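Going down the list, the protein sequences come from chains A and B. Be aware that the first sequence starts at 1, since it is given in the working numbering, and climbs by one per residue. Be aware that the second sequence starts at 292, since it is given in the working numbering, and climbs by one per residue. A virtual CB, placed ideally from N, CA and C, is assigned to each residue, including glycine. Just so we're clear, the structure is a prediction, and the values are computed from it rather than from any experiment. Just below is one structure, and these are the notes that go with it.
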Amino acid sequence: MEGRANRGASSLPIIEMRNLTFTYAGVGKPSIQGADIVVEPGEFVVLTGPSGCGKTTVCRCLNGLIPNFYSGEITGTVKVANLDVTRTSTMELARHVGFVFQNPENQLFSLSVERDVAFGPENLGLPRDEIRRRVDWALEATGISHLRDMAPYELSGGQQQRAAIAAVLAMKPRLIVLDEPTSFLDPRSAQEILDVISQLNKELKITVFLVEHRLDAVSRHADRVIVMDKGRVVLDGRPFNVYGEEAWLIGIGVPKVTMLFHLLRKDGVSLESVPITVEDATEELRRKLTS
Amino acid sequence: MIEVENLCFTYPNGKDVLHDVYLKVQDSEFIAVMGENGAGKTTLIRHFNGLLKPTTGRVLVDGIDTKKSSVASLARIVGLVFQNPDHQLFCETVKDEVAFSLKNFGYPEEIVERRVRGILETLDLTSYIDSSPFMLSGGERKRVALASVLVWNPKHVVLDEPTIGQDYQQKDRLRNFILQLNTQGKTVIVVTHDVEFIAECKPRVVVLSRGRIVGDGPAVDILTDESLVNKASLVRPQIAKLMSSLSDTGLPANVIDLFTARTVLATELKRA
């Protein structure tokens with residue numbers, strides 16, 4: 001991306017969380033315990049784990065809501081784009097990290113999509129031409145140029161979520177953090193949103209850090225999956241390495257085809273791969289069935 | 292029984308949402324209403340407890356025309372759990388929230404106490420009994436909203452997107468819980484996009500698209516029908532896609548759930 005001040009720093013990790021422990025004020029036990037999460041620029045990382053495992057707390061650490069809005073006891077370090085989040089204003093962080101939440105309604109507030117997308121760059125005090133360029137580009141990248149004059153409430157859920165992503169994209173962040181961005185969407189719109197995110201990752205090299213329970217649709221896009229349980233990072237690796245017996249015991253929703261292969265192995269069927277997609281599973285089963 | 296006859300609904304702003312919907316839900320049936328964002332699913336189920344009244348046509352709940360009845364009296368028979376728990380929750384503690392309706396219905400204190408504890412236990416919420424609902428996670432708040440409706444034991448239970456924000460284990464629990472309600476004789480109507488969830492529950496599926504019913508049948512027939520699924524902006528469940536692409540090897544194509552796929556494949560592969 002052009003015009004980034006800290007281009008020279010791009011080889012450093014974009015997220016560097018070291019031995020982080022956080023306990024919310026008034027809560028007995030820590031929500032995150034000794035977590036190490038390191039993400040390199042350009043990666044597509046999925047963070048998953050059962051309810052209450054600390055996923056949301058991790059997100060709040062990445063955008064500085066912890067410790068700026070949620071008080072508590074914090075030890076360890078969190079750096080995002082090489083900035084210490086405990087010492088950086090939310091506004092400064094917003095130049096580097098974009099956030100997209102579950103419900104786009106909570107994120108869109110203007111009377112037109114264009115106004116919503118322009119809001120961030122306007123707050124950066126950018127010149128008019130630059131704002132216009134960024135808005136056009138962000139709408140184009142998310143495939144909603146034709147909706148620019150619509151009010152967010154006139155849009156479908158999928159279109160709203162695209163608008164929320166466009167609003168974040170207009171800030172030209174190096175990293176986008178998404179907290180279950182497809183859970184309100186019908187399956188087709190969800191797939192389309194994941195495709196848009198994947199495209200931003202592949203073509204614009206924007207790092208993606210996505211929190212998700214439902215791994216069926218997202219796994220094909222992920223370079224890495226991190227699993228948390230009870231505040232700790234328990235698994236971290238390529239999807240096919242992570243989706244083993246342990247992930248299953250923790251109770252994460254590994255894709256159905258992955259689960260099917262585990263069950264068939266338990267039944268004594270010998271299978272080589274750990275498929276992540278229906279296509280991979282079909283291929284191996286077809287070979288076995290026709291040999 | 293819930294009978295929907297030639298239901299058309301237009302919002303006051305002129306937006307046409309439902310067109311000529313005809314649907315009959317028998318007592319103790321379990322059905323899923325599926326379809327794209329904006330298809331009219333939520334609008335449809337809001338007719339079941341009289342929150343919305345038909346523009347034309349009629350809705351009968353146990354023979355009562357919803358136009359001639361109040362939400363307050365219909366609510367005793369039809370429990371509706373909203374998609375967004377924040378539209379429903381307002382008390383300071385989980386306990387008060389769940390006890391609210393029973394107190395309103397005039398139940399004695401000890402019955403309220405017992406029922407509240409029972410439902411919180413069932414939904415894995417006991418440890419939050421004195422917490423504020425607004426301190427809980429999204430998934431937990433959804434379960435509180437569910438508890439606050441189920442506690443008064445309505446005959447028909449309508450759940451709008453119950454799986455959103457629930458992790459895999461909670462979904463498994465929810466599935467067992469729904470099946471349990473259903474075996475107790477309750478009608479369960481679930482509005483959802485979650486094809487993987489429905490593939491494991493296998494209820495009757497009604498597909499709504501652009502305000503019209505475009506499909507109605509057993510989950511296994513509906514979720515393997517690629518053109519129907521596409522029309523309603525759904526996708527086929529992973530197992531359905533897998534089994535359909537393997538069907539040329541002689542395996543059955545109409546399989547949508549993990550258990551059946553496992554049985555079929557294990558038998559076939561061990562024979563080979």
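query: Contacting positions in the region 427 to 446 of chain B - beta carbon closer than 8 Å to chain A; result: Ser428, Gly429, Gly430 and Glu431
query: Ala323 (chain B) - DSSP class collapsed to helix/strand/coil; result: strand
query: Selection from B:Ala552, B:Arg562, B:Asn395 and B:Leu335 that minimises the alpha carbon distance to Glu491 (chain B); result: B:Ala552
query: Beta carbon proximity, His378 (chain B) to chain A, threshold 8 Å; result: no
query: Distance between Ala35 (chain A) and Thr21 (chain A) (C-alpha atoms, nearest Å); result: 7 Å
query: Chain A contact residues for Lys394 (chain B), given Cβ-Cβ distances below 7 Å; result: Those do not exist, as Lys394 (chain B) stays about 29 Å from chain A at its closest Cβ, beyond 7 Å.
query: Three CB pairs or more closer than 8 Å across the region 211 to 222 of chain A and the region 32 to 47 of chain A; result: yes
query: Where the region 524 to 539 of chain B meets chain A: residues whose CB sits under 8 Å from a CB there; result: Ser524, Leu525, Val526, Pro528, Gln529, Ile530, Lys532, Leu533, Ser536 and Leu537
query: Chain-ordered neighbours of His213 (chain A) on chain B, where CB pairs are closer than 8 Å; result: Gly456, Gln457, Asp458 and Tyr459
query: Secondary structure, alpha helix (DSSP H): runs of 4+ residues fully inside the region 28 to 83 of chain A; result: 55 to 62 and 65 to 68
query: Chain B within 8 Å of Gly42 (chain A), Cβ atoms only; result: no
query: Neighbour list for Ala552 (chain B) in chain A, Cβ cutoff strictly below 7 Å; result: Leu260
query: Members of the region 155 to 168 of chain A that neighbour chain B once the beta carbon cut-off is set at 8 Å; result: Ser156, Gly157 and Gly158
query: Under 7 Å (Cβ pairs) to chain A, residues found in the region 502 to 523 of chain B; result: none
query: Residues that Leu556 (chain B) contacts on chain A, provided the C-beta gap is smaller than 8 Å; result: Leu260, Leu264, Val269 and Leu285
query: Minimum C-alpha distance to Glu294 (chain B) - residue among B:Val482, B:Gln317 and B:Asp311; result: B:Gln317
query: Own chain residues within Cβ distance below 6 Å of Glu284 (chain A), not counting five before or after; result: Ser273
query: 8 Å Cβ cutoff, Ser183 (chain A) in contact with chain B; result: yes
query: Asn19 (chain A) in three-state terms, based on DSSP; result: strand
query: Val389 (chain B) beta carbon less than 8 Å from that of Leu411 (chain B); result: yes
query: 8 Å Cβ cut-off: residues of chain B touching Ser292 (chain A); result: Since the first residue of chain A shown is 1 and the last is 291, residue 292 (chain A) is not available in this structure.
query: Distance between beta carbons of Lys55 (chain A) and Gly49 (chain A), contact taken as under 8 Å; result: 6 Å
query: Residues near Phe396 (chain B) by beta carbon distance below 7 Å, same chain, minus five either side; result: Trp443
query: Listed by chain order, chain A residues near Val385 (chain B) by CB distance under 8 Å; result: In chain order: nothing, as chain A lies at least about 15 Å away.
query: Cβ of Val486 (chain B) within 8 Å of any chain A Cβ; result: yes
query: Asn545 (chain B), DSSP secondary structure in three states; result: coil
query: Nearest-angstrom beta carbon gap, Gln161 (chain A) and Ile206 (chain A) [assumed within contact, 8 Å]; result: With 8 Å as the limit, Ile206 (chain A) and Gln161 (chain A) do not qualify as a contact, their Cβ atoms being about 16 Å apart.
query: Listed by chain order, chain A residues near Leu549 (chain B) by CB distance under 8 Å; result: Lys256, Met259, Leu260 and Leu263
query: Pro152 (chain A) beta carbon less than 8 Å from that of Leu108 (chain A); result: yes
query: Inter-stretch contact at 8 Å, needing at least 3 Cβ pairs: the region 123 to 137 of chain A / the region 74 to 86 of chain A; result: no
query: Helix, strand or coil at Ile513 (chain B) [DSSP, three-state]; result: helix
query: Three-state secondary structure assigned by DSSP to Lys315 (chain B); result: strand
query: Anticipated Cβ contact below 8 Å, Gln457 (chain B) with Lys433 (chain B), distance rounded; result: 7 Å
query: With 16 other Cβ atoms within 10 Å as the buried cut-off, status of Lys202 (chain A); result: exposed
query: Any C-beta of chain C under 8 Å from that of Lys493 (chain B); result: Included in the structure are the protein chains A and B, with no chain C among them.
query: Cutoff 8 Å: Lys561 (chain B) Cβ touching any chain A Cβ; result: yes
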